[in-house]
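In this note's numbering, the protein residues as written are 201 to 492.
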């Protein structure tokens, strides 16, 4: 299958490489050659603009950082919309505003172009190992058409509703992830300040209802102060801004999400934007004078 792919970052590149390994022809675009080069070496063909990518393909995936980037890549002067023929499907796997997603989908529909919003959860490891959770919004028949490609990229693939629904579910995901990070970090801090070995505390909690994948993986990161990024603070910060914007638009009270948004603000303000978002542990440590 001829597939366009725009996104060569920590998530996009391994996803593109998995599609290449499955035998598909990829046409790619990116602003930084150093990020594109591994994909080109693996067999992808580079194009000069998103318009050219769409003109060569039937389906185009986008995996970029924020709402502004998605709007520019899809609807901008050199955007996908200008090269996409009627029947083309654009699959946006970025995490962006649900409202913007609905606007983009409506603009594409006027040109006979389909859209799915399909944000993911699972981080760099999930992208590399094809174990991502993919939450998909859009028309059900289009989802079924693209499903075989989603199955190359992830394991838990759920059609969650119409346009924008995938982005709403990703907001929900980021609330749960952020609050679980906070809970794990607070537990480690409380154990430590009571003279209890936090390693033993984590071991005990893993066997009960408090056990979780985040306690297992990111709890260990916090204990080791190993914040090499799997999902960067700056991206979680951006995602929580989307959550809080949506909460305001829908008059939804989200006090816990507001706390996580402020913790991400604190990390950004302290210069920790490139660290893994489990560095929320640092924000707590600084409150008691223990952090760097």
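The beta-carbon is built from N, C-alpha and C at its ideal position, and this holds for glycine as well. All of these numbers come straight from a predicted model, not from anything done at the bench.
Check: According to DSSP, residues forming a beta bridge with residue 335; Outcome: 358
Check: Integer-rounded CB distance, given that residue 206 should sit under 8 Å from residue 228; Outcome: 7 Å
Check: Contact between the segment 393-411 and the segment 458-478 (3+ Cβ pairs under 8 Å); Outcome: no
Check: Length of the line joining the Cα atoms of residue 397 and residue 448; Outcome: 41 Å
Check: Whole runs of the alpha helix (DSSP H) within the segment 462-487, excluding any shorter than 4 residues; Outcome: 480-487
Check: Where residue 292 falls: helix, strand or coil (DSSP); Outcome: strand
Check: Three-way DSSP call (helix, strand, coil) for residue 454 in this model; Outcome: coil
Check: DSSP three-state assignment for residue 247, whether helix, strand or coil; Outcome: coil
Check: Candidates 275, 350, 222 and 270: closest to residue 298 by CA position; Outcome: 270
Check: Of the residues 273, 286, 381 and 236, the one placed nearest residue 249, counting alpha carbons only; Outcome: 273
Check: Buried versus exposed, by CB contacts within 10 Å (16 or more), residue 488; Outcome: exposed
Check: Three CB pairs or more closer than 8 Å across the segment 340-352 and the segment 376-392; Outcome: no
Check: Host beta strand (DSSP E) of residue 406 (start-end); Outcome: Counting along the chain, residue 406 falls outside any beta strand (DSSP E), though it belongs to the alpha helix (DSSP H) covering 398-406.
Check: Residues bridged to residue 203 [DSSP beta-bridge criterion]; Outcome: 226 and 259
Check: Integer-rounded CB distance, given that residue 415 should sit under 8 Å from residue 384; Outcome: 5 Å
Check: Bridge partners - residue 316, DSSP secondary structure assignment; Outcome: 291
Check: At least three beta-carbon pairs within less than 8 Å, the segment 355-369 to the segment 318-338; Outcome: yes
Check: CA-to-CA distance, residue 490 to residue 392, given in whole angstroms; Outcome: 11 Å
Check: Distance between residue 309 and residue 316 (C-alpha atoms, nearest Å); Outcome: 11 Å
Check: Residue 411 versus residue 394: straight-line alpha-carbon distance, rounded; Outcome: 21 Å
Check: Extent of the continuous alpha helix (DSSP H) run through residue 210; Outcome: Per DSSP, residue 210 belongs to no alpha helix (DSSP H) and is neither H nor E.
Check: According to DSSP, residues forming a beta bridge with residue 321; Outcome: 333
Check: Nearest-angstrom Cα separation, counted from residue 257 out to residue 466; Outcome: 43 Å
Check: Sequence-distant residues of the same chain with beta carbon closer than 6 Å to residue 259, five excluded per side; Outcome: 203 and 289
Check: Counted within 10 angstroms of its Cβ, other Cβ atoms place residue 301 as buried (16 or more) or exposed; Outcome: buried
Check: Cα-Cα separation, residue 243 to residue 225; Outcome: 8 Å
Check: Where residue 428 sits in the DSSP three-state scheme; Outcome: coil
Check: CB contact flag (residue 281, residue 253, <8 Å); Outcome: no
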